[in-house]
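Sequential numbering from 60 applies to the sequence shown in the working numbering. Every residue gets a Cβ at the ideal spot worked out from N, C-alpha and C, and that includes glycine. This structure is a prediction, so every number in the text was calculated from the model and none was measured. Structure first, commentary second.
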Amino acid sequence: MTGPAEAVEPLGVEQTPTGHPVVDAGLVRLEALDGVPAEAHVEVYEDVHQRLADTLAALDQE
Numbered sequence: 060m061t062g063p064a065e066a067v068e069p070l071g072v073e074q075t076p077t078g079h080p081v082v083d084a085g086l087v088r089l090e091a092l093d094g095v096p097a098e099a100h101v102e103v104y105e106d107v108h109q110r111l112a113d114t115l116a117a118l119d120q121e
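Dropping the structure here:
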């Protein structure tokens, strides 16, 4: 038998804006995960990773 789930406490890590809209939007998405159980993080991490990878690829094309 498992006990009650432990309460998830926010880490309280402050994000510093970068000035780049796509990167800052990714930081906002990650910040929204603060206090959310880890199982819910994967989808957001994958989305932010893809957006950042696309942004870097676009910079390489310039």
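Per DSSP, the continuous alpha helix (DSSP H) segment holding proline 80 begins and ends at 80-90. Of all alpha-carbon atoms in Pro76, Val81, Ala91 and Thr75, the one lying nearest the alpha-carbon of alanine 116 is that of Val81. Taking a contact as a CB-CB distance under 8 Å, the pair valine 101 and leucine 92 does not count as one, their CB atoms being some 10 Å apart. Per DSSP, the unbroken alpha helix (DSSP H) holding aspartate 106 starts and ends at 100-120.
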